[in-house]
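Counted from 1, the sequence shown has number 10 at position 10 by UniProt numbering; the numbering is strictly sequential. Take a look at the structure set out below.
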Amino acid sequence: MEKSDATTIEIGETSRERKGKAPLLGAAENARAAGYRRGVAIFDLILRVSAAVAALAATITMGTTEQTLPFFTQFFQFQASYDDLPTFTFFVIAMSIATGYLVLSVPFSIVCIARPQVTAPRLLLILCDTLTLTLTTSAAAASAAIVYLAHNGNSGANWLAICQQFTDFCQRVSGAVVASFISVALLIFLVVLSALALRKHG
């Protein structure tokens, strides 16, 4: 008996099979994008709480700063307080506003974790984060200039350095300014994260 040669014919994918795979690929890509956005939102929440803690520490430290130099008589006393300088008063007000905003923004950050596909909360956060970043940066920079003068003075303007006498006062206001710059750095990261999340949406 003669054996017939077996012939195999390769049949490509039909259009129906290709259409069936396309939704699966789209669903997998959407799932990866949602996972990415959820991870960004979780990191956003951690940074937001950290920035709120730093802003609160700066507010409390500056708002409770005062020092009185001891002298022999109560009629001659030198006292330094944060509210003696309008810049430090502005610092306390600005950092209080930033702290309040960061605390109130936490629920919106949680919404971004629970529903990463929603863009409205993320748009609101990036807008308010940018405004808060501007406010805290101006307060921190202005206060840093005053702290520098307190430490070094200015011979041209005959401004004396007071930190040799008011050491505790200068240490506390310096610490408050450092905490405010930490909050500024964290806010910058928050704005960048929100921008990345929105870009992934697009």
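No residue lacks a Cβ here, since even glycine has one placed at the ideal position from N, Cα and C.
Which of helix, strand or coil DSSP assigns to residue i
i, result
"Y82", "helix"
"Q165", "coil"
Beta-carbon gap between residue i and residue j smaller than 8 Å
i, j, result
"V49", "V106", "yes"
"A58", "L102", "no"
"S174", "V147", "yes"
"T87", "A176", "no"
"A98", "T134", "no"
"Y82", "G63", "yes"
"I126", "A195", "yes"
"S96", "A139", "no"
Cβ shell of residue i (< 8 Å), same chain only, five flanking positions each side left out
i, result
"T130", "V191"
"A22", "Because the pLDDT of A22 is 46, which lies under 50, any placement of that residue in the model is unreliable, and the number read from its coordinates should be weighed accordingly. Counting only Cβ-Cβ distances below 8 Å, and skipping sequence neighbours, we find nothing."
"L193", "V40, F43, D44, L47"
"F189", "L47"
"L124", "F108"
"T157", "Just to set this straight, residue 157 is Ala in the shown sequence, not Thr. Excluding positions up to five away in sequence, the list is empty."
Spatial neighbours of residue i in its chain, beta-carbon cut-off 6 Å, leaving aside the 5 residues before and after
i, result
"Q79", "T68"
"S109", "D44, L45, R48"
"A197", "R37, V40, R122"
"A150", "I162, C163, C170"
"G153", "W159, L160, A161"
"S172", "First, the amino acid is wrong: residue 172 is Arg here, not Ser. The residues are T61, T65."
7 Å CB neighbourhood of residue i in its chain, flanking five on each side removed
i, result
"L56", "T99"
"D168", "Q67"
"C128", "Y101, S105"
"L187", "A51, D129, T132, L133, T136"
"A54", "A179, I182, S183, L186"
"L85", "I146"
"residue 209", "Residue coverage of the chain in this structure runs from 1 to 202, which leaves residue 209 outside it and unanswerable."
Minimum Cβ-Cβ distance from residue i to chain B less than 8 Å
i, result
"V192", "No chain B appears in the structure shown, which is made up of a single protein chain."
Hey, is the region 85 to 96 in contact with the region 131 to 148, meaning 3+ C-beta pairs nearer than 8 Å? yes
Which runs of the beta strand (DSSP E), 3 residues or longer, sit entirely within the UniProt domain "Casparian strip membrane protein" (38 to 185)? 66 to 69, 78 to 81
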